[in-house]
Every structure is written in structure tokens, then in C-alpha cells.
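Heads up, the thing below is written out as C-alpha cells.
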Amino acid sequence: MKKALVVTMLLAVCASTGFAEDFLSVSGRLNLRGVIPLNNNSATEYPSLLGRVKIDTTPPTWKFHLWLEGGWDGSVDLPAHDHSVLKTWDEVYQSTTPFLEFKELYGAYSTDILEIRAGVQRFSWGRLDEYPVNDLLNPWDYTQFLRKSLEDRKIGVPSLSARVSKGDWNVEAVWVPILVPYRLPLPTERWAGSTEITALADQPGVEVLTREPDLPARNLKNSSVGVRLQNTGPVEWGITLFHGYDPRPVFKATTLVVTPESGKLVVDPGIVPDFHKMSSFGLDAATVKGDWSFRAEAAYAVGRYFNTNWDQWGYPSDILPGIYDLNPNQHKSDTIEYGIGVDYRLFEDCLLTLQAQQTIILNRPDTLYDRKFETLLWANLKNGFMNQKVETNLNLAYNPEHGDTMAKANAWYVFTDSWKAGVTAVAFWGPSQSLFGRYSKNDQIEAEVIFSW
């Protein structure tokens, strides 16, 4: 039944290419993607077929906006563990294919100075690429982390927003009434990375259970709010205030339970996603000078939680039937985060992007894997050839504290305004707990064909 529903939606997306009226603006995209893993120990990933449709009404005062995605996700461990079609707002582990997801779905009322939106929204309050430190309103989908773009990682949240604009000034306020959790892959899926849990799942004769967390009660006390003041003069700058749930993953250790069952060991690893409120005050700025563009942002966060080093969690060296109490594995600290990015146009169709950002954990104990100073360095070279028929990107990311690295290269050939095809290669190096090193089994070559309208 759910396969028929997704097929119907995808056919409707395709059919919409021929539909256009003065009242509606319709666009969409179909992606066919296949992956060749370069590590024999990597989990299987099947081809994916994904569809996207965007619909906007054109009258200037009352507006409606829809961004719907769906299709077959080849990264899901088959048979699918979740039998729901729609992605929901109350589960961390949503291993389902085929699927449908409302990335954005809202109504808006606009005048010359006021815009009010209500519905499922995504926000962009940061300046930096990949890890904007002030972009805290939307949780991320980590099921294909580092393969997806920042925009694709964001999960839409039910929210009410209002923006007031006057000249070069505008202020935006957002209320998110409920916690929408981040999403994680199952331990048996490719993008689970290297963790204590995936190490258990890799052992023969072991089945690892995943437990959904008990989410905070859905009431006014547990909502999130954000306010952003922005000036759009020659130097754009903004001030951001946020109070709500930290969208970054952290886990709580409870009790490891190992049970023999039908000739195998069933393991409840005793690790569940956890959620904590935090407050953040941020600043950001951006400007353009000739062929150069500069952007920067910084934030002081109060009450962030971090996990301790895996060695501190209390897992036994041998997994035998029994019940084992795990150690407390969280630490609370304020942080300072800041970064700067620079874009330079080397020539007409070639853009070089450099970015550096750092997190300071102000109260860091020795039990944390993260260092007091954690740095991320990014470089990207984007180029176009043959009158933009060929597009290439070379990307390198490096964390000097742990020596982990990600390298990515892709090339696209644009056949027409609607069709293009490309190949992407990505590789990871580093220690198993580091940001990039945990995906060292995920080296891959990916081929993709895109039809858009």
C-alpha cells in the first residue's frame, strides 16, 4: 500500500511539469543515485530514487508554500524496520523506504513591513557553510550525514514566525511549540559510523536493539524560541538569541542488557538519545569587496551537554549474558563558537572558498574525547568549463586536534536545462571517535542522474 502511495506521489510530481497557472508556481526534481562502496566491510547500500516538488502560490498577500520529498532510500537496512510512509516528528530512528516527508508546508501573510508564517518551516540564521553556529532552530537528519548538503540535512519543524522590516532593518521572531528530535541511522546502516553500538552490531551472532527516547512533554514549557535582529547595509550584520533544545546529538547511558535467544545474543546497549535545553547569544556579519566576500559568526552557548570518551561508558570487554550498569556519560559546559569564511573568485567561473571555525569548551574535564579547543578547516574549489556544461568541486575538511580528514570530489555534466549527471568520490581518515574518522568505512563513489523542471 505504501509503495503505491509513493508511486502515485512521484507520478503526480512528474505530471506537474506540464501544469502552470497564474495562481501557482510549480517546480520539482527527480534523482536516481547509485553507490559503489570502496570498503568491503561497509554495509550494503541500494540504488535510490528520490522525488521533490515545490509549490508556491503567487498572490502577494496570502501565500501557500509546499516542499514535499519522497521515494526509495537505498541507505535503509532492508527489510525496513519502520512501516510508516510519512516521516514523523516524534521518532529518532525512522528507517523506512519508500517514504514521504514534508520538508516545508506553511501559509504566510505578507505586507510591506510584516510577514507572518505558520506551519512546517526551515530557517537559515547562520553565515558559515556546513556548521553555522547560530543556526539552531532546525534539527538535522544524520541518516546520511556528510553526504547530504546542509539544506537537505535540515528537518522542518512546526512553528510560528513573524518578520518586521523597515528600511535596512528587520527583526524575526520564531516559536517552535514542540521538540522535533534529530534523526539517526540504525547501527546496521552505512552512515551509523563507528560507535560502541555499531561495534556490537558488527559481531557475528549479535542482534542490537534500538530504543526510542522518552521525549519531553509537549507543553509550553518545553517549546523553543529564537529572535534575530538584522541590518542589511553595506556590511550585513545580525544578533541572534535562542533558548530551546540543543539540536546536536548527545546520548545517555543506562543499563546494558545481554540476553541469549534462539542461538544468538540480543543486546540492548543501554544508550538512548537525550535532549537538553540551552541558551545562545550570537553575532554574525558579511560583506563583499570586489572579488572577495567575507562572512563570520560567533556564539556563546550556556548549558551544552557533551558525551565522555567511549572508554568511560563502562562497557565490559566481553559481551556475555547479563545486566551491566553503565557509567554516567554526560558533561555540561558553556561553550564559545566562532568562525570566518572567505570566498574569492579566481576567475570568471572559478570560486575558492576557505573557512575556519573553532569551539571552546570552557569547563572541559579529561574524560571528554573533545578537546578544549576543537577546530574545523574547510576548503572548496568550484569550477565551470565549456560554458558551464561541466561543473567540478574539490572539497577538503580537516580537524587538526584529532588529525581526521574528509576529501570529496565531484564532476557534473549539464546536458540541458532539465538533465544533468555527475560522479562524486568521497573518502574519510582519522581515529574512530573523530568527526570524520568514524566514517572511515564509508569511502565511496556515487553516480547520480537528475531531472529537474
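Numbering (the working numbering), first residue to last: 847 to 1299. Built from N, CA and C at the ideal position, the CB exists for glycine as well. The structure displayed is predicted, hence computed values, not measured ones.
Query raised in the report: Val1113: which of Pro1062, Val1054, Asp1164 sits nearest, CA to CA?
Result: Nearest option by C-alpha distance: Val1054.
**Report entry** Simplified DSSP state of Tyr1190, which is helix, strand or coil
**Finding:** In the displayed model, Tyr1190 falls within a strand according to three-state DSSP.
Query - Coil, strand or helix - Ala1047 by DSSP - result: Helix at Ala1047.
Query - Leu996: first and last residue of the uninterrupted alpha helix (DSSP H) it sits in - result: Per DSSP, Leu996 belongs to the alpha helix (DSSP H) from 996-999.
**Report entry** Asp1253 - DSSP class collapsed to helix/strand/coil
**Finding:** Residue 1253 is actually Ala in this sequence, not Asp. DSSP places Ala1253 in strand when its eight states are reduced to three.
Query raised in the report: Is Pro1095 helix, strand or coil when you go by DSSP?
Result: Collapsing the DSSP output to three states places Pro1095 in coil.
Query raised in the report: Should Pro1181 go down as buried or exposed, given a rule of 16 or more other Cβ atoms within 10 Å for buried?
Result: What sits at residue 1181 in the sequence shown is Thr, not Pro. Buried, by the Cβ-count rule.
Requested in this report: Measuring alpha carbon to alpha carbon, tell me which of Glu1042, Tyr892, Trp918 ends up nearest Thr1056.
Outcome: Considering only alpha carbons, the answer is Glu1042.
Query - Touching by the beta-carbon criterion (3+ pairs, under 8 Å), the segment 1001-1018 and the segment 959-966 - result: They touch, by the three-pair rule.
Report task. Can you say whether Tyr892 is buried or exposed, counting buried as having 16 or more other CB atoms within 10 angstroms of its CB? Result -> Counting of Cβ neighbours within 10 angstroms places Tyr892 among the exposed residues, the total staying below 16.
Report task. Return the bridge partner residues of Pro883 from the DSSP annotation. Result -> Paired residue(s): Gln1290.
Requested in this report: Might you give, ordered along the chain, the residues of its own chain that have their beta carbon closer than 7 Å to the beta carbon of Asn1173, omitting 5 neighbours on each side?
Outcome: Short of 7 Å from the beta carbon of Asn1173, and not among the five residues preceding or following it, lie these beta carbons of its own chain, in chain order: Ala1099, Gln1158, Trp1159, Gly1160.
**Report entry** For Asn1241 and Asn1226, believed in contact at Cβ under 8 Å, the rounded distance
**Finding:** That belief holds up - the Cβ atoms of Asn1226 and Asn1241 are roughly 5 Å apart, short of 8 Å.
Report task. Look at Ser871 and Thr907 and say whether their C-beta atoms are less than 8 Å apart. Result -> Taking 8 Å as the Cβ cut-off, Ser871 and Thr907 do not qualify as a contacting pair.
Report task. Look at the Cβ atom of Tyr939, then the Cβ atom of Leu1025, and state whether they are nearer than 8 Å. Result -> Contact flag unset, no.
Report task. For Val1073, count neighbouring C-beta atoms within 10 Å of its own C-beta (all shown protein chains included) and say buried if the count is 16 or more, exposed if not. Result -> Taking all protein chains in view, the Cβ of Val1073 is surrounded by fewer than 16 other Cβ atoms within 10 Å, so the residue is classified as exposed.
Report task. Please look up how many angstroms separate the CB atoms of Ser930 and Thr942, rounded, as I've assumed it's under 8 Å. Result -> Confirmed, about 6 Å.
Query raised in the report: Counting Cβ pairs closer than 8 Å, one from the segment 1243-1257 and one from the segment 1269-1279, do we hit at least three?
Result: Result yes; three or more Cβ-Cβ pairs closer than 8 Å.
Requested in this report: Between the Cα of Asp1212 and those of Leu914, Asn1155, Gln1203, Phe1097, spot the shortest distance and give me the residue it belongs to.
Outcome: Nearest of Leu914, Asn1155, Gln1203, Phe1097 to Asp1212, Cα basis: Asn1155.
Requested in this report: State the start and end residues of the unbroken beta strand (DSSP E) segment that holds Met1124.
Outcome: Here the beta strand (DSSP E) through Met1124 covers 1123-1135.
Query raised in the report: Looking only at its own chain, which residues have a Cβ that is under 7 Å from the Cβ of Gly1168, when we skip the five neighbours before and after it?
Result: Here the set comprises Val1104.
Query raised in the report: Got a sec? Which residues, its chain only, sit under 6 Å from Leu895 by beta carbon, not counting five neighbours each side?
Result: The beta carbon of Leu895 lies closer than 6 Å to those of Leu878, Gly917, Trp918 in the same chain, with the five residues before and after it left out.
Requested in this report: Report yes if the CB atom of Leu946 is closer than 8 Å to the CB atom of Leu912, and no otherwise.
Outcome: No, Cβ-Cβ distance for Leu946 and Leu912 is not below 8 Å.
Report task. Measure the Cβ-Cβ separation of Pro1093 and Asn1239 and say whether it is below 8 Å. Result -> Remark: C-beta atoms of Pro1093 and Asn1239 do not approach each other more closely than 8 Å.
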